[in-house]
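Enquirer: Please see the structure below; I have some questions.
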Amino acid sequence: PNIDVIVSPVSGGGLLSGSLIAAKGMNSNIKVFGAEPKEADDAYRSLKKGTIVSNKTIDTICDGLRAQIGTKTFPVIQDLVDEIITIEENEVIDSLRMIWERLKIIVEPSCSIALALVLKKKHLFKGQNVGLIMSGGNVDLNKLPW
4 PNIDVIVSPV SGGGLLSGSL IAAKGMNSNI KVFGAEPKEA DDAYRSLKKG TIVSNKTIDT
64 ICDGLRAQIG TKTFPVIQDL VDEIITIEEN EVIDSLRMIW ERLKIIVEPS CSIALALVLK
124 KKHLFKGQNV GLIMSGGNVD LNKLPW
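Numbering (the numbering used here), first residue to last: 4 to 149.
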């Protein structure tokens with residue numbers, strides 16, 4: 004099926020900016036959302052302010068999303084992304100658990116944030132074909148949140 008919406012994790016911006024260029028280049032009507040941890044929300048705040056701002060903290064279970072938004076990726080994101088939405092830690096953990104238990108896929112917390120966004124904002128995605136970018140399987144079994 005054709006994809007109406009893509010949801011991507013946000014960190015330094017490489018994955019999101021590359022996804023934006025590819026997706027919008029193929030279909031200018033596609034919507035692309037970024038999902039970012041509330042505790043490392045520099046991309047979200049940068050987008051709101053119009054200039055790059057630093058992380059206030061990086062205290063998040065999503066260790067793969069702790070990087071600062073990049074100076075080369077930010078202008079692409081600023082120009083093309085539909086919205087960046089922040090996700091709470093408990094929402095990440097709930098989506099991580101759902102993926103592990105129901106889909107039987109071992110993913111890292113940074114990967115589960117895309118599903119967390121869809122679960123948090125269901126009204127944005129209702130009746131649409133949604134593609135979730137779920138990359139990352141670096142899991143330390145000694146640091147599980149449950």
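The beta-carbon is built from N, C-alpha and C at its ideal position, and this holds for glycine as well.
Suppose you measure from the CA of N32 to the CA of N145; what does that come to, to the nearest Å?
Expert: As a working note, residue 32 is residue 29 in the sequence shown. As a working note, residue 145 is residue 142 in the sequence shown. For N32 and N145, the distance between alpha carbons rounds to 43 Å.
Enquirer: So, at 6 Å on beta carbons, what are the nonlocal neighbours of D7 in its own chain, with the 5 sequence-adjacent residues on each side left out?
Expert: Here residue 7 refers to the residue found at position 4 of the sequence shown. Hits under 6 Å: Q131, N132.
Enquirer: Roughly how many angstroms lie between the CA atoms of G139 and T63, to the nearest whole one?
Expert: Here residue 139 refers to the residue found at position 136 when the sequence shown is read from its first residue. Here residue 63 refers to the residue found at position 60 when the sequence shown is read from its first residue. So the two alpha carbons sit approximately 16 Å from each other.
Enquirer: I want to know whether the region 73-87 touches the region 43-51 - three or more CB-CB distances under 8 Å.
Expert: Yes, they touch.
Enquirer: Measure the CB-CB distance between G28 and A70 and report whether it falls below 7 Å.
Expert: As a working note, residue 28 is residue 25 in the sequence shown. As a working note, residue 70 is residue 67 in the sequence shown. No, the pair does not count as a contact, with Cβ atoms beyond the cut-off.
Enquirer: Measuring straight from C-alpha to C-alpha, what distance separates T74 and S57?
Expert: Taking the sequence shown and counting its residues from 1, the one referred to as residue 74 is at position 71. Taking the sequence shown and counting its residues from 1, the one referred to as residue 57 is at position 54. T74 and S57: Cα-Cα distance of roughly 12 Å.
Enquirer: Tell me whether S98 sits in a helix, a strand or coil according to DSSP, three-state version.
Expert: Locating residue 98 in the sequence shown gives position 95, where the first residue counts as 1. Three-state result, S98: helix.
Enquirer: Would L94 be called buried (16 or more neighbouring beta carbons within 10 Å of its own) or exposed?
Expert: For the purposes of this step, residue 94 is taken as the residue at position 91 of the sequence shown. Per the sequence presented here, residue 94 reads as Glu, with Leu not at that position. E94 should be labelled buried.
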